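Worksheet for the structure shown next.
2 protein chains.
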Amino acid sequence: MTAQGADVPEGDGQTTARTAASPGASNGADANGTSIAVPAARERARSIPEAAVARLAVYLRALSALAEQDITTVSSEELATAAGVNSAKLRKDLSYIGSYGTRGVGYEVEVLIGQIERTLGLTRKHSVAVVGIGNLGHALANYGGFPGRGFPVSALFDLDDDLVGVPVGGIPVSHIDDIVEVCSEREVTIGVIATPTQGAQEVCDRLVAGGVMCILNFAPIVLQVPEHVEVRKVDLAVEMQILSFHVARRQQEAANAVDGAASDGGPPGGGAGLPGEIDSANRMVERL
Amino acid sequence: MTAQGADVPEGDGQTTARTAASPGASNGADANGTSIAVPAARERARSIPEAAVARLAVYLRALSALAEQDITTVSSEELATAAGVNSAKLRKDLSYIGSYGTRGVGYEVEVLIGQIERTLGLTRKHSVAVVGIGNLGHALANYGGFPGRGFPVSALFDLDDDLVGVPVGGIPVSHIDDIVEVCSEREVTIGVIATPTQGAQEVCDRLVAGGVMCILNFAPIVLQVPEHVEVRKVDLAVEMQILSFHVARRQQEAANAVDGAASDGGPPGGGAGLPGEIDSANRMVERL
DNA sequence: TGATGTGAATAGTTTCACAGCC
DNA sequence: GGCTGTGAAACTATTCACATCA
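If you're matching them up, the sequences are chains A and B in order. Residue 1 is where the first sequence starts when you use the UniProt record's numbering, and the numbers rise one by one after that. Residue 1 is where the second sequence starts when you use the UniProt record's numbering, and the numbers rise one by one after that.
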């Protein structure tokens with residue numbers, strides 16, 4: 001996972017920085033005149049734990065699947081199973097956004113979908129720009145306008161002049177030099193960096209200059225961004241290495257069966273022979 | 001980010017399941033005869049917090065970059081900055097794998113690299129199979145044998161007969177029906193699922209049957225796997241939605257400026273001219 | 001003197017278990 | 001009877017702060 005924040009504070013494995021939000025009293029009831037303009041719809045909505053936010057997105061997908069099957073009601077148990085969590089956690093997570101269930105019955109699928117969407121800010125459209133139209137960039141650009149709701153890809157950028165002007169996934173590629181202009185013009189809020197490591201910080205700076213507020217970074221580099229910009233990182237190498245760690249741990253555990261009584265509850269299946277060990281220099285060739 | 005586990009327990013945001021490891025005494029000193037075969041190299045190595053494991057991979061990259069610049073020593077402060085964490089956390093993380101620093105001086109880059117690689121199990125090669133050679137699959141197959149050390153891609157699979165046999169990134173694509181056979185033959189330990197949602201569970205089952213121990217899943221579905229298989233999920237939609245949440249939160253916070261006395265302890269940092277006030281609608285366009 | 005390594009304090013997250021309501 | 005919502009307990013992770021040592 002791997003956090004990625006401006007500088008100091010962090011949350012879970014992969015998380016955006018700071019925690020903000022003054023603890024004390026909630027910011028709800030501030031009966032003042034100006035509230036007229038604001039429909040009083042989304043008030044509190046703070047203080048939702050980072051970890052819970054991530055899971056809300058997962059619940060949302062599970063709920064959408066249910067809705068498609070014309071299922072109108074779910075229990076926390078059912079939804080939890082579909083989302084791969086336990087029901088206590090699910091109920092707790094949902095409690096952060098309000099009480100929309102019915103005791104003894106469950107949740108109304110449509111209602112929950114609406115509430116989660118509201119909480120995640122999905123009622124507003126977020127234009128996406130993808131920078132770096134290589135293999136990964138293509139994949140992202142063709143990602144069906146981004147799954148589900150409001151993430152239309154509205155700009156693509158690359159360095160390569162042969163690519164500029166060519167439409168990918170219906171949108172013509174612009175040159176990287178025009179990031180600032182195009183992004184502010186098309187009101188891009190989310191930038192996706194799919195460039196090689198070298199260009200990433202430069203691209204990031206331009207996206208920020210173009211008014212982008214969030215960045216999803218596939219380049220294996222820690223980006224420097226101003227405080228008001230949110231960064232999330234997806235790092236394939238890190239994911240693989242975490243998996244590697246778990247394999248190693250498991251094998252080591254298995255090896256510790258040298259000790260144990262017969263059945264120590266360990267991994268019975270799997271088996272297979274383990275190769276020996278390698279060992280060498282190790283070079284770091286980044287690519288993308 | 002979203003956990004993904006067989007059924008119940010989970011860790012941080014994105015984590016593999018169970019915690020295993022008996023707490024009590026470490027498994028170190030078990031002076032028995034069979035220890036001859038085992039070089040007594042990697043013994044304990046348990047009990048490293050999930051979150052720390054993820055960061056070790058990040059430190060490793062930062063260290064590799066330093067090594068390439070022929071830098072031989074780093075302080076926790078420097079390395080922490082490079083990795084985007086604070087130094088206390090870094091020192092704590094490193095302390096889980098042992099004491100390899102020198103007080104008053106710092107860490108030797110090469111030594112740390114070696115120790116982290118050992119801890120992450122990178123001294124063993126992990127063959128990778130990629131299933132689903134679409135846009136994303138191509139990107140993954142061409143990922144340069146996977147960044148850095150030991151993750152050679154050694155098998156590719158797709159459903160499409162037009163693709164079977166065609167080499168991608170130097171490796172010919174095999175048919176999905178041959179997953180079990182090919183994977184066990186080539187001793188694949190890590191499977192990457194880059195298929196559409198529909199096929200994902202089926203593919204997963206075959207990978208498992210083929211002896212794969214870890215799965216990196218790009219399909220937006222919660223996979224069912226036996227206990228001994230580790231799954232990690234990368235979900236673009238979830239990432240985007242988390243970002244969306246943060247935008248929404250920030251805008252909502254800005255809107256709450258309706259209230260505030262002048263300085264309510266909000267983000268004072270940033271310094272610089274920073275955008276002063278925001279109008280009702282509130283747009284966040286930073287210029288340069 | 002300067003930086004590591006780590007116990008103790010704090011913060012965040014998950015799980016338990018049960019009151020409350022349908 | 002069944003299921004939600006939620007305090008409180010348990011657990012995990014981060015930060016502090018300082019003893020320790022080269």
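C-beta: ideal position from N, C-alpha, C; glycine also. The model shown is predicted, which means the values in this text are computed figures rather than measured ones.
Within chain A, the C-beta atoms nearer than 9 Å to that of B/L120 come from Q241, I242, S244, F245 and A248, in chain order. Only those residues of the stretch 166-198 of chain B whose C-beta falls short of 9 Å from the nearest C-beta of chain A are listed: S184, E187, T189, I190, V192 and A194. Of the residues B/T81, B/P226, B/T189 and B/I71, the one whose Cα lies closest to the Cα of A/A248 is B/T189. Using a Cβ-Cβ cut-off of 8 Å, A/P49 does not count as an interface residue toward chain B, since no Cβ of chain B sits closer than that to its own. Interface flag for B/R91 against chain A is unset, since no Cβ pair is found closer than 8 Å. If you check the CB distance, B/T73 and B/E108 come in under 8 Å. Short of 6 Å from the beta carbon of B/D158, and not among the five residues preceding or following it, lie these beta carbons of its own chain, in chain order: I133 and V173. Non-local beta-carbon contacts of B/V111 in its own chain, meaning distances under 8 Å to residues more than five positions away in sequence, involve Y100 in chain order.
Across the structure, B/F245 and A/T119 are spaced so that their CA atoms are roughly 7 Å apart.
The bridge partners DSSP lists for B/E230 are B/C214. In terms of Cα proximity to B/G106, the closest of B/H126, B/S75, B/S87 and B/Y96 is B/S75.
Interface flag for A/G98 against chain B is unset, since no Cβ pair is found closer than 8 Å. Listed by position along chain B, the residues whose Cβ is nearer than 9 Å to that of A/L216 are L236, E239, M240 and L243. The three-state secondary structure of B/V168, taken from DSSP, is strand.
Across the stretch 78-90 of chain A, CB contacts with chain B closer than 9 Å involve T81, A82, A83, G84, V85, N86 and K89, in sequence order along the chain.
DSSP, reduced to helix, strand and coil, places A/T72 outside both helices and strands of the structure shown, so it counts as coil. Beta-bridge pairing by DSSP links B/I48 to no other residue. Taking a Cβ-Cβ threshold of 8 Å, none of the residues of chain B is close to A/E108; the smallest such distance is about 21 Å. For the pair B/G210 and B/H126, the Cα-to-Cα distance works out to about 14 Å.
For B/L112, there is no enclosing beta strand (DSSP E); the enclosing alpha helix (DSSP H) covers residues V109 to L120. Contact note: B/V203 does not reach chain A at a C-beta cutoff of 9 Å; the least C-beta distance is about 17 Å.
Annotation for A/S154: the continuous beta strand (DSSP E) segment containing it runs V153 to D158. Look at B/R206: its C-beta is not under 8 Å from any C-beta on chain A. Sequence-distant partners of A/G170 (beyond 5 residues in either direction) whose C-beta falls short of 8 Å from its own C-beta are missing from its chain.
The three-state secondary structure of A/T195, taken from DSSP, is coil. DSSP, read as helix, strand or coil, puts B/I133 in coil. With fewer than 16 other Cβ atoms inside 10 Å of its own Cβ, B/I71 counts as exposed. DSSP places A/Q224 outside any alpha helix (DSSP H), giving it a letter other than H or E.
Annotation: the continuous alpha helix (DSSP H) that includes B/Y96 extends over S87 to I97. In this structure B/V130 touches B/V192 by the C-beta definition: roughly 5 Å separates them, less than 8 Å.
Nearest CB-CB separation between A/E230 and chain B: below the 8 Å threshold. Sequence-distant Cβ neighbours of B/A83 in its own chain, meaning closer than 6 Å and more than five residues away, are V58, Y59 and A62.
For B/L216, the CB contacts under 6 Å within the same chain, skipping 5 residues up- and downstream, are V192 and R232 in chain order. For A/V53, the C-beta contacts it makes with chain B under 8 Å involve I242 and F245, in order along the chain.
Among the CB atoms of chain B, none fall inside 8 Å of the CB of A/A200. A/H175 carries a strand assignment under DSSP once its states are collapsed to helix, strand and coil.
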